[in-house]
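Colleague: What follows is a single structure, and I will ask about it in a moment.
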Amino acid sequence: MSSLPPKDSAGLLPPLPENWSNICESEPLSFSGMIQPHGALVQVDLTGRITHASANIGNLIPELPEHFGKKLPADLLSQMGITLDQILSSSVGDRREITSIRLSAGSDSLDAIFTRNGDGVLLELFLSSHSQSPISPTLTTPFPKGLSPEALNQELVFRIRAVTGYDRVMLYAFRDDGDGEVLAENRNPDSYGTYLGLRFPGSDIPRIARELYLKNPWRLIPNAPAAPLPIRSLTGRPPDLSLSDLRSVSPIHVAYLANMEVLASLSLPVIAAKSLWGLVACHSRSPRTLGLETLSAARSIVKHYNMALLQSHAEERIRAIDGLAHRLAPVREILSKTDNPEDILSVSATSLATLFNACGLVFFRNHAFTCWGTTPSLQIIEKLRDLLAPLRSAPLWHTVSLTQTFPGIAPLPVAGLMALKLPKNSEFWIFRPETIQEIAWGGNPHKPVETDASGTGISPRQSFERWIEKRVGQSLPWNKFDTLAALHLLRNTSPSPGCLS
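This is the structure we're talking about:
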């Protein structure tokens, strides 16, 4: 995400270059062979032998370089209160965090993370950081019940900023179309501008990066421009850093942050139903590192938010279902009394149109159909049915733009369509009108791809100023509540042929 918006631009989106996704997705993020310099790293294989070590490991444990290619010293592990077998017996992805370790009298206090990975055990070491103010226990308690989604989001970013001290903290949620949107923000009053309500294209966080967020509790970058350190390898191959806190920063992301005037960042994944629902993104214009205690507190806050979010979604769904039951009661009643589509629509069309924010409805049975409201012509409806047939693998299908989905179709008086397959070779179509929308983006979402000076990489867009996209030819999006209402309707509708003007 990005830096900020004093002025608006306007325009229609040009096509995204075809190789944009391939360029971002091909970057070997987990096999860079380098780490960020705020810690040191050792990879141990399944036999306990050190196969990889960062160039700076001797700065934190002076005797360790001489053990390269040999077994990790057992006395070192015992000083940390852990054995190698304890980690190796755990599942891949499990991690053990240990704070404030002193390996000898007068030595620096260290924090350690042991992570079980596919090759054995990854040991990461950091100088303990205790410069932060004591964390108030009230910040890491469960969220109050009964908060609205907006209040819940704002409470999250308030707590995270209070604990971490970043200049700006944002809740960034992924939309159904893959793009992201800033739902909440808490920032230093001196911070320039706001990101609240801005969208960012899905390509800003490629799939490969999203997968890493699902595997790790946080992504800390204390000083993005700091030169990465190489990892010495016994095997000649770089280690897999998928589960590493110290994994080096992609040069593309370093440039991206620099264009936002951000030097330090922290990202915490928000996971719902095992999917990446969003991120808590923290930015600072000066270098900033955090100790394990602070990071663990931030993780705890996000976990409490996750629980509150799931509860909020469940309550929202219950309310929606209860509301649907009430609003669809007249439809169920008329369906129980008649199979005549004219009677069905004369009673229920207005309420259904209101429920779906629709301008027109069509019932099909076999090759006959019944219409209500604003719909395409009879000939176009028949053509659309033929065009839709090969696309209908599920009972529910929708688009926000028929003319974009079917470019050869004639101009239409409607834009969006939700189509439902019904029993007895029947269908129900719901049309929506065109709604011109202005979408505020954090920079032009379809910026051109530029190669860097070496010609081997890409340079991210330079500007993150507020950029307004004017969307025409589209209806309002079909959301999860539209889908829920449609599924209820599927269970309560079985039309007969006929036609109503």
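With the UniProt record's numbering applied, the sequence shown corresponds to residues 1 to 501, in that order. We treat Cβ as the ideally placed atom computed from N, Cα and C, and that holds for glycine.
Rounded to whole angstroms, what's the CA-CA distance from residue 160 to residue 284? Just pull it up for me.
Modeller: Your numbering for residue 160 matches position 160 in the sequence shown. Your numbering for residue 284 matches position 284 in the sequence shown. Rounded to the nearest angstrom, the two C-alpha atoms are 13 Å apart.
Colleague: Since I believe residue 414 is in contact with residue 433 (beta carbons under 8 Å), could you give me their beta-carbon distance rounded to a whole number of angstroms?
Modeller: Indexing the sequence shown from 1 puts residue 433 at position 433. Indexing the sequence shown from 1 puts residue 414 at position 414. So it is a contact: roughly 6 Å between Cβ atoms.
Colleague: Taking contact to mean at least 3 C-beta pairs separated by less than 8 Å, is the stretch 229–238 in contact with the stretch 52–69?
Modeller: With the cut-off at 8 Å, the stretch 229–238 and the stretch 52–69 touch.
Colleague: As an exercise, report each continuous alpha helix (DSSP H) stretch of at least 4 residues that is fully enclosed by the stretch 46–116, in chain order.
Modeller: If we require 4 residues or more, the alpha helix (DSSP H) runs fully inside the stretch 46–116 come out as 57–60, 74–79 and 84–88.
Colleague: So, helix, strand or coil for residue 373, using DSSP?
Modeller: By 1-based counting over the sequence shown, the position of residue 373 is 373. It is a strand residue.
Colleague: Leaving aside the five residues before and after residue 482 along the sequence, list all residues of the same chain whose C-beta is less than 7 Å from its C-beta, in chain order.
Modeller: Within the sequence shown, numbered from 1, the residue matching residue 482 stands at position 482. Correct list, in chain order: 356 and 418.
Colleague: In the DSSP output, what is residue 186 paired with across the bridge?
Modeller: The residue given as residue 186 occupies position 186 in the sequence shown. Answer is 169, bridged to residue 186.
Colleague: CA-CA distance, residue 375 and residue 365?
Modeller: Sequence index remark: in the sequence shown, residue 375 carries index 375 (1-based). Sequence index remark: in the sequence shown, residue 365 carries index 365 (1-based). When rounded, the distance between both Cα atoms is 17 Å.
Colleague: For residue 473 and residue 406, what's the separation of their Cα atoms in angstroms?
Modeller: Here residue 473 refers to the residue found at position 473 of the sequence shown. Here residue 406 refers to the residue found at position 406 of the sequence shown. Going by the C-alpha atoms only, they are around 12 Å apart.
Colleague: Taking C-alpha atoms, which residue in 174, 157, 175 and 176 lies nearest to residue 168?
Modeller: Locating residue 168 in the sequence shown gives position 168, counting from the first residue. That would be 157, whose Cα lies nearest to the Cα of residue 168.
Colleague: So, helix, strand or coil for residue 235, using DSSP?
Modeller: Residue mapping note: residue 235 aligns to position 235 of the sequence shown, counting from 1. Three-state DSSP puts residue 235 in coil, outside helix and strand.
Colleague: Tell me, which residues are paired with residue 483 by DSSP?
Modeller: Indexing the sequence shown from 1 puts residue 483 at position 483. DSSP output for residue 483 lists no bridge partner at all.
Colleague: Going by DSSP, what residue range makes up the alpha helix (DSSP H) through residue 163?
Modeller: Reading the sequence shown from its first residue, position 163 is the one you call residue 163. Segment 149–164, the alpha helix (DSSP H) holding residue 163.
Colleague: Residue 222 and residue 264 - do their beta-carbons sit closer together than 8 Å?
Modeller: The residue you call residue 264 lines up with position 264 of the sequence shown. The residue you call residue 222 lines up with position 222 of the sequence shown. Yes, Cβ-Cβ distance for residue 264 and residue 222 is below 8 Å.
Colleague: If you measure between the beta carbons of residue 387 and residue 428, is that distance less than 8 Å?
Modeller: Residue mapping note: residue 387 aligns to position 387 of the sequence shown, counting from 1. Residue mapping note: residue 428 aligns to position 428 of the sequence shown, counting from 1. Cβ distance not < 8 Å, so residue 387 and residue 428 don't count as in contact.
Colleague: Under the rule that 16 or more other beta-carbon atoms within 10 Å means buried, what is residue 448, buried or exposed?
Modeller: Mapped onto the sequence shown, residue 448 falls at position 448. In this prediction, residue 448 has a pLDDT of 41, which is less than 50 and means its spatial position is unreliable; nothing more can be read from the coordinates.
Colleague: So for residue 202, helix, strand or coil by DSSP?
Modeller: Translated into the one-based positions of the sequence shown, residue 202 becomes position 202. Looking at residue 202 - three-state DSSP - the assignment turns out to be helix.
Colleague: Report yes if the CB atom of residue 262 is closer than 8 Å to the CB atom of residue 302, and no otherwise.
Modeller: As a working note, residue 262 is residue 262 in the sequence shown. As a working note, residue 302 is residue 302 in the sequence shown. Result no, Cβ atoms of residue 262 and residue 302 do not sit closer than 8 Å.
Colleague: Taking the alpha-carbon positions, what's the residue 491 to residue 369 distance?
Modeller: Mapped onto the sequence shown, residue 491 falls at position 491. Mapped onto the sequence shown, residue 369 falls at position 369. One C-alpha to the other measures close to 19 Å.
Colleague: Please report the residue range of the beta strand (DSSP E) in which residue 122 lies.
Modeller: Along the sequence shown, one-based indexing puts residue 122 at 122. Where residue 122 is concerned, the enclosing beta strand (DSSP E) stretches over 120–127.
Colleague: Alpha carbon to alpha carbon, how far is residue 68 from residue 49?
Modeller: Numbered from 1 along the sequence shown, position 68 holds the residue referred to as residue 68. Numbered from 1 along the sequence shown, position 49 holds the residue referred to as residue 49. Each residue's Cα considered, the two are about 8 Å apart.
Colleague: Measure the Cβ-Cβ separation of residue 290 and residue 35 and say whether it is below 8 Å.
Modeller: In the sequence shown, counting from the first residue as 1, residue 290 sits at position 290. In the sequence shown, counting from the first residue as 1, residue 35 sits at position 35. In this structure, residue 35 does not lie closer than 8 Å to residue 290 by Cβ.
Colleague: Measure the C-alpha to C-alpha separation of residue 211 and residue 274 and round it to an integer number of angstroms.
Modeller: As a position in the sequence shown, residue 211 is number 211, starting the count at 1. As a position in the sequence shown, residue 274 is number 274, starting the count at 1. So the alpha carbons of these two residues sit roughly 11 Å apart.
Colleague: From which residue to which residue does the alpha helix (DSSP H) around residue 302 run?
Modeller: For this step, residue 302 is matched to residue 302 along the sequence shown. That run of the alpha helix (DSSP H) goes 292–327.
Colleague: When you compare only the Cα positions, how much space is there between residue 425 and residue 256?
Modeller: The residue given as residue 425 occupies position 425 in the sequence shown. The residue given as residue 256 occupies position 256 in the sequence shown. In a straight line, the C-alpha of residue 425 is about 53 Å away from that of residue 256.
Colleague: With DSSP as the reference, identify every bridge partner of residue 427, one or two as the case may be.
Modeller: Here the question's residue 427 lines up with position 427 in the sequence shown. According to DSSP, which records beta bridges pairwise, residue 427 is partnered with 364 and 421.
Colleague: With distances taken between CB atoms, is the gap from residue 32 to residue 238 smaller than 8 Å?
Modeller: What you label residue 32 is simply residue 32 of the sequence shown in a count that begins at 1. What you label residue 238 is simply residue 238 of the sequence shown in a count that begins at 1. Result yes, Cβ atoms of residue 32 and residue 238 sit closer than 8 Å.
Colleague: The alpha helix (DSSP H) that contains residue 38, what's its start and end?
Modeller: Translated into positions along the sequence shown, residue 38 becomes position 38. It is not in any alpha helix (DSSP H) - residue 38 carries neither H nor E in the DSSP assignment.
Colleague: In terms of alpha-carbon separation, which member of 113, 216 and 281 lies closest to residue 186?
Modeller: Counting from one through the sequence shown, the residue named residue 186 turns up at place 186. Cα-wise, what sits closest to residue 186 is 281.
Colleague: Can you name the residues that DSSP bridges to residue 399?
Modeller: Taking the sequence shown and counting its residues from 1, one reaches residue 399 at position 399. Answer is 417.
Colleague: For residue 46, count the other beta carbons within 10 Å of its own beta carbon; 16 or more makes it buried, fewer makes it exposed. Which is it?
Modeller: Start at 1 with the first residue of the sequence shown, and residue 46 comes out as number 46. Under this definition residue 46 is an exposed residue.
Colleague: Rounded C-beta distance between residue 292 and residue 97? I'm assuming under 8 Å.
Modeller: Indexing the sequence shown from 1 puts residue 292 at position 292. Indexing the sequence shown from 1 puts residue 97 at position 97. Between residue 97 and residue 292 the Cβ distance is about 5 Å, and since that is below 8 Å, they are a contact.
Colleague: Which partner residues does residue 271 have in the DSSP bridge list?
Modeller: Translated into positions along the sequence shown, residue 271 becomes position 271. Partner(s): 276.
Colleague: Residue range of the beta strand (DSSP E) that residue 504 falls in?
Modeller: A query on residue 504 cannot be resolved here, the shown segment of the chain reaching from 1 to 501 and no further.
Colleague: Keeping to the same chain, check which residues put their C-beta closer than 8 Å to that of residue 412; ignore five residues upstream and five downstream.
Modeller: In the sequence shown, the residue the question calls residue 412 occupies position 412. Around residue 412: 376, 380, 402 and 403.
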